[in-house]
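*Asks:* For the sequence shown, the working numbering gives the first residue as 1, with consecutive numbering after it.
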Amino acid sequence: MNEYYDSNNNGKSFDVRWSVKKDISGMLDVERKSSDNPWTEDIFHQYLTERTSIMMVAHSEKEYNEVLGFMVYELCKGKINLVNLAVDPNFRREGIGSIMIHKLKSKLSENRRKEIFFNIRESNRGGQLFLKNQEFKAIGIYGKYYEDTGEDAYHMSYKIDENDAIQNRISKYFLRH
Ligand SMILES: CC(C)(COP(=O)(O)OP(=O)(O)OC[C@H]1O[C@@H](n2cnc3c(N)ncnc32)[C@H](O)[C@@H]1OP(=O)(O)O)[C@@H](O)C(=O)NCCC(=O)NCCS
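In structure tokens, the structure reads:
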């Protein structure tokens, strides 16, 4: 069963759903428009088949198959590693990135996975401001982390707080009933 999260922004509704193989071309398109060093199709295939990785796509309520954004994350012991997140440039600043992060935060719980981590390029100021808006904090720097440019990575983290945990329990209750 798919879980949905809806947002209504200026009259537009967006959902996030699990990705399937046929979404790869859409994700690739968004990735190529979003990065100077885009992931290849092979990388998307690898993550799709990896048991501990999850890929989700954002789409408008009306166009279920049109990929407007995507995120890829790994479920690890005690934490979630967000490994990629991008939104089609034509649909940015409409809340789609926030919806995906909200979805990711809903996976956290006080007794299982409490933290989300993400590494971001030091040059990606827009991405950093977005993460700050999502209450992520920079907790470290990995020097010369990116081989292509020699750039540093900022190690960002979002930690669940008690209120999130209670809210997640309440949403789960309502999803079940
Ligand atoms: C970063 C990214 C995912 C944001 O997606 P988005 O759908 O545009 O984000 P949202 O609309 O949910 O933005 C929420 C808030 O984050 C902040 N924000 C988002 N992008 C920003 C930017 N480029 N510059 C400054 N602040 C930004 C704003 O406060 C924004 O609220 P506002 O539009 O009301 O001012 C998107 O710009 C993207 O795909 N960038 C390229 C890929 C990338 O950098 N990936 C790493 C992600 S951290």
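Just so you know, even glycine gets a beta-carbon here, dropped at the ideal spot from N, CA and C.
Of all residues in the structure, which have a C-beta closer than 6 Å to any heavy atom of ligand 1, taken in chain order?
*Replies:* S34, L85, A86, V87, R92, R93, E94, G95, I96, G97, S98, I120, N124, G126, G127, L129, F130, L131 and N133
*Asks:* Please state whether the Cβ-Cβ distance between L28 and P38 is less than 9 Å.
*Replies:* Their beta carbons are under 9 Å apart, which means L28 touches P38 by this criterion.
*Asks:* State buried or exposed for D148, treating a residue as buried only when at least 16 other CB atoms are found within 10 Å of its CB.
*Replies:* The residue in question, D148, is exposed, as its Cβ has fewer than 16 Cβ neighbours within 10 Å.
*Asks:* Tell me, please, which residues DSSP counts as bridged to D15.
*Replies:* H59
*Asks:* Got a sec, what are the start and stop residues for the beta strand (DSSP E) E115 sits in?
*Replies:* E115 to R121
*Asks:* What are the boundary residues of the alpha helix (DSSP H) that E179 is part of?
*Replies:* Given that the chain is displayed from residue 1 to residue 177, the structure contains no residue 179 and the question cannot be resolved.
*Asks:* Do you know how far the Cα of R93 is from the Cα of V190?
*Replies:* Outside the displayed range of the chain (1 to 177) lies residue 190, so it cannot be described from this structure.
*Asks:* Along the beta strand (DSSP E) that carries Y146, what are the first and last residues, could you check?
*Replies:* Y146 -> no beta strand (DSSP E), and no H or E assigned at all.
*Asks:* Report the option in I139, Y154, I24 and L108 whose CA atom is closest to the CA atom of M71.
*Replies:* I24
*Asks:* Name the residue from N133, N90 and A153 whose alpha carbon lies nearest to the alpha carbon of I120.
*Replies:* A153
*Asks:* Compare the Cα-Cα distances from E74 to each of Y146, G126, R125 and R113 and report the closest residue.
*Replies:* R113
*Asks:* If you draw a straight line from the alpha carbon of N2 to that of R51, how long is it in whole angstroms?
*Replies:* Low local confidence applies: a pLDDT of 43 at N2 is under 50, so the model's placement there is unreliable, and no value is given.
*Asks:* Determine the DSSP secondary structure at S53, reduced to helix, strand or coil.
*Replies:* In the structure shown, S53 sits in a strand (DSSP, three-state: E or B).
*Asks:* Near N81, what residues of its chain come up, given a Cβ to Cβ distance below 7 Å and the 5 sequence neighbours on each side ignored?
*Replies:* Y73, E74 and F117
*Asks:* Relative to the alpha-carbon of I141, which residue among E61, K22, E151 and R125 has its alpha-carbon at the smallest distance?
*Replies:* E151
*Asks:* Leaving out the 5 sequence neighbours to the left and right, which residues in its chain are closer than 6 Å to I54 when beta-carbon positions are compared?
*Replies:* Take I54, set aside five residues on each side of it, and the residues of its chain with a beta-carbon closer than 6 Å to its own are Y73, in chain order.
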